[in-house]
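If you read the sequence shown in numbering that gives the first Met the number 0, its first letter stands for residue 0, the second for the next number, and so on.
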Amino acid sequence: MIRRRNLLIVTVVMIWLAAVLVLDHGIGWGAVSPIEQRLLGVATWLLLVALLLREPTRIRAQVGVVVGFATVIEFTFSYALHVYVYRLDNVPWYVPPGHGLVYLAALAIGRSPVVMRRPQAYIGATMVVCGAYAGWGLFLSGRTDVLGAFWFACLVFFLLRSRQSTVFVGAFIVVTYLELLGTHLGAWTWQVKEPILDLVPMGNPPSGAAGGYGFFDAAALFLAPRIDAALHRRREHREDLVVQPPVAAHHAPTVSAVDA
């Protein structure tokens, strides 16, 4: 049952991400308008909520942290600083819930029985594949990708030090798929150099992008248990509240009639 649910989540998310990006790009029929892009966002929110209905509170809290943290990053580094730019020079409505879907799919891969049976093998394979990709981006691609190499180092750190390392295995798979597809379709484009200091060259996409996303995942894994515990304490506090019964009115003592 758990295996089938994990497979369902990964399959649905991968198909949905591709469908949204293809529709946004408009292959053969023209790119979508801002209003149509918002409708894609609403549909993405609905899908995220539907997939979370059968997840425990802890997972919902993790996804909530990812969505909140990623939204701040998106508006800071895309909309304000233009480190990468979306097709309509905005932050599409489907992006915040899309981050939630990416995390949920990464989590589903990381907790799947296949990965959990041999976690060290998958962690090692991820480092080898991502390392080769980062090396290609740094030395062989048409754009020197220093940011990708840095993010690869971040990913290695998360893989080796996190208590839930297999989540980052899933993140590498889902994020690499998403970044390659999104940049290929022109949904977003990374600048040649980061525009803040104009010093760090970047690929399109950066080869180790999963290491950047890893900060979202790390925030979720760190903050969500604390949020879940706080909500649990709040629920317990409510249950412990005893409604005091109303104080009965004091009646005057009954005076017996005395026969004269």
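Glycine included, C-beta positions come from ideal geometry on N, C-alpha and C.
Asked	Found
How long is the line joining the alpha carbons of residue 53 and residue 59, rounded to whole angstroms?	10 Å
Determine whether the beta carbon atoms of residue 125 and residue 158 lie at a separation below 8 Å.	yes
In whole angstroms, give me the CA-to-CA distance for residue 2 and residue 112.	7 Å
Where does residue 188 sit, in a helix, a strand or coil, going by DSSP?	strand
Enumerate, from N- to C-terminal direction, the unbroken alpha helix (DSSP H) stretches of 4 or more residues contained entirely within the stretch 18-79.	33-51 and 56-73
Does DSSP put residue 83 in a helix, a strand or coil?	strand
Please report the straight-line C-alpha distance between residue 47 and residue 107, rounded to a whole angstrom.	14 Å
So, at 8 Å on beta carbons, what are the nonlocal neighbours of residue 25 in its own chain, with the 5 sequence-adjacent residues on each side left out?	31
Which of the three DSSP states is assigned to residue 200 in this structure?	strand
What separation, rounded to the nearest whole angstrom, lies between the Cα atoms of residue 162 and residue 71?	25 Å
Taking Cβ to Cβ, would you say residue 103 is nearer than 8 Å to residue 8?	yes
Tell me the residue span of the alpha helix (DSSP H) that contains residue 119.	118-134
Specify the secondary structure class of residue 88 as computed by DSSP and reduced to three states.	coil
Give, in chain order, every unbroken run of the alpha helix (DSSP H) that is at least 4 residues long and sits entirely within the stretch 138-189.	145-160 and 164-184
In this structure, does DSSP put residue 0 in helix, strand or coil?	coil
Given a cut-off of 8 Å on the beta-carbon distance, is the pair residue 66 and residue 99 in contact?	yes
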